[in-house]
Amino acid sequence: MSKSQEIIEMTEKYGAHNYHPLPVVISRAQGAWVWDCEEKKYLDFLSAYSAVNQGHGHPKILQALRDQAERVTLTSRAFHNDQLGPFLKQVCELADMEMALPMNTGAEAVETAVKAVRKWGYTHKKVAGDQAEIICCNDNFHGRTTTVISFSSDEQYRDGFGPHTPGFKLIPFGDAEALEAAIGPNTVAFLVEPIQGEAGVVVPPEGYLKKVREICDRHGVLLVLDEIQVGLARTGKMFCFEHDGIRPDMLILGKALSGGVLPVSMVLSSKEVLGVFKPGDHGSTFGGCPIGCAVARAAIEVLIEEGLVQRAAELGAKFAERLASLRGNKVESVRGRGMLLAVVLKESAGAARGYCEQLMEKGLLCKETHQNVIRFAPPLVIDEKDLDWAFDRIREVLG
Ligand SMILES: *Cc1c(COP(=O)(O)O)cnc(C)c1O
26 MSKSQEIIEM
36 TEKYGAHNYH
46 PLPVVISRAQ
56 GAWVWDCEEK
66 KYLDFLSAYS
76 AVNQGHGHPK
86 ILQALRDQAE
96 RVTLTSRAFH
106 NDQLGPFLKQ
116 VCELADMEMA
126 LPMNTGAEAV
136 ETAVKAVRKW
146 GYTHKKVAGD
156 QAEIICCNDN
166 FHGRTTTVIS
176 FSSDEQYRDG
186 FGPHTPGFKL
196 IPFGDAEALE
206 AAIGPNTVAF
216 LVEPIQGEAG
226 VVVPPEGYLK
236 KVREICDRHG
246 VLLVLDEIQV
256 GLARTGKMFC
266 FEHDGIRPDM
276 LILGKALSGG
286 VLPVSMVLSS
296 KEVLGVFKPG
306 DHGSTFGGCP
316 IGCAVARAAI
326 EVLIEEGLVQ
336 RAAELGAKFA
346 ERLASLRGNK
356 VESVRGRGML
366 LAVVLKESAG
376 AARGYCEQLM
386 EKGLLCKETH
396 QNVIRFAPPL
406 VIDEKDLDWA
416 FDRIREVLG
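If you want our numbering, it's the position in the sequence shown, counting the first as 1, plus 25.
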């Protein structure tokens, strides 16, 4: 039995089966490439769901990790640490927001956003106690905690995990009129992804966010954007909302915020909204820890210094065009923005999973979302010649 096979069996035996990974065991990585236990090399075309935008093992981020590890890793928020203030300032300036609250995973940041907008609703909008309502979209993905799955429209995410948290209303994604119709006196916020990544890289109609912004303003509803997957250069802008020329009231970041090195997430907003938190209202032992902050500071610098926004825009546009040339027997359409792309397969082509397995055999790692969509989201530092190589593999399998 190969080492990889042995590891897979051990993982399956001792680990809960809450994932269905491709049968590849990664043991090291550099840039856009990863190697398995047998030293077979693969191109990473998923980037850990856009957490590794800066590429694996980035020397600057690893140096920040090592340096900070030598100094201090965790203080808890019972004391200040010398990394948190500079990190908060950096992210607030980057996103042009007044205040930020650091957490660890994306789902925790979404939970934080839910708490903040509810409390803002009670203290500022004068919604009656326990009546605050948040509007979300069908096919959303905001994480896996019990409250977050309470507003999922995916039965598998919810089934068997009730009772669910009340206070959420679902509307179709991309439909601004539906938002207007759903808003009531107790609506405190609209929580939405600018592009629905997990739903299969679903891009809303042109002008959607602009209309949403206008509707939220008119009704005194906070616009909360979950940019955990689409933010931080992935779509060819630092933040996806820039494509629409609008600004959210609250922004949620995670994933690439630490370049895939440590779980670092964040909620950013105004003083009015994040000001609702008083000491003791909310917290996290590791949230804002010095090692997370130091790593994230370097990860953001890498995005800027290496021009990854521009790179995602340019390489993504070229790659999308090449993918579009594959439309035919198997490929129905290509969608996405910047380097967050997906091919939608024809129904007659069969399940996406089989194609991901074929691509893996050829050394290209990507993952299906749902039955018929394959997402392509390589690290943004990828070489053009590696993209050419990837395209040839994709053409062999899907052309
Ligand atoms: C990944 C993701 C989350 C959840 O982040 P975790 O770190 O897995 O908890 C939330 N929202 C979006 C849009 C995501 O892509």
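Using N, Cα and C, we set each Cβ at its ideal position, and we do this for glycine too. All values reported here derive from a predicted model rather than from experimental measurement.
Secondary structure note for Lys371: it is in no beta strand (DSSP E), with a DSSP letter that is neither H nor E.
By the CB criterion at 8 Å, Ala207 and Ile160 fall inside the cutoff. Annotation for Thr130 indicates a beta carbon within 7 Å of some heavy atom of ligand 1. Pairing Lys387 with Ala132, the inter-Cα distance amounts to about 34 Å. The beta carbon of Leu293 lies closer than 6 Å to those of Ala120, Met122, Ala125 and Leu276 in the same chain, with the five residues before and after it left out. Look at Gln88 here: in three-state DSSP terms it is helix.
Note on geometry: alpha-carbon atoms of Ser29 and Pro46 lie some 13 Å from one another.
Short note on His167: C-beta closer than 7 Å to some heavy atom of ligand 1. A contact between stretches requires three or more CB pairs, one per stretch, nearer than 8 Å, and the segment 103-116 meets this requirement with the segment 313-332. Under DSSP, Thr394 shares a beta bridge with Val398.
Judged by DSSP secondary structure, Gln181 falls within the alpha helix (DSSP H) whose first and last residues are Glu180 to Arg183. At least one heavy atom of ligand 1 sits closer than 7 Å to the Cβ of Gln254. Closest in alpha carbon position to Lys65, among Phe416, Ile419, Met385 and Ile407, is Met385. The beta strand (DSSP E) runs lying completely inside the segment 267-326 and spanning 3 residues or more are 275-278 and 290-294, given in chain order. Per DSSP, Gly361 is not a residue of any alpha helix (DSSP H); the beta strand (DSSP E) it occupies stretches across Val356 to Arg362. DSSP places Leu119 in the uninterrupted alpha helix (DSSP H) bounded by Leu109 to Ala120. DSSP places Asp417 inside the alpha helix (DSSP H), whose first and last residues are Glu409 to Leu423. One Cα belongs to Val50, the other to Ala89, and the distance between them is close to 27 Å. Per the C-alpha coordinates, the member of Ala94, Leu423, Val286 and Val249 positioned closest to Leu216 is Val249. By alpha-carbon distance to Val97, the top candidate from Ile419, Gln108 and Ala377 is Gln108. With 16 or more other CB atoms across the displayed protein chains lying within 10 angstroms of its CB, Pro404 is buried. The distance from the Cβ of Val255 to that of Glu218 is about 7 Å, consistent with a contact at the 8 Å cut-off. Taking a cut-off of 8 Å for Cβ pairs, the segment 170-179 and the segment 189-202 touch, as three or more such pairs fall below it. Put simply, of Gly332, Gly312 and Lys410 the residue whose alpha carbon is nearest the alpha carbon of Met128 is Gly312.
Taken in chain order, the complete beta strand (DSSP E) segments of 3 residues or longer contained in the segment 161-219 are 193-196 and 212-217. The beta-carbon distance between Val406 and Gly56, rounded to whole angstroms, is 6 Å. This is short enough to meet the 8 Å contact definition. Annotation for Ser72: Asn78, Ala402, Pro403 and Pro404 place their beta carbon closer than 7 Å to its own, counting only its chain and skipping 5 residues before and after.
If you draw a 10 Å sphere on the C-beta of Lys151, you find fewer than 16 other C-beta atoms in it, and that means exposed. DSSP places Glu95 within a helical segment (H, G or I) once states are collapsed to three.
Taking 8 Å as the cut-off, the beta carbon of Ala337 is found no closer than this to the beta carbon of Gly361.
When C-alpha distances from Ser283 are compared across His83, Gly379 and Met35, the shortest belongs to His83.
Rounded to the nearest whole angstrom, the CA to CA distance from Gln383 to Tyr67 is 13 Å.
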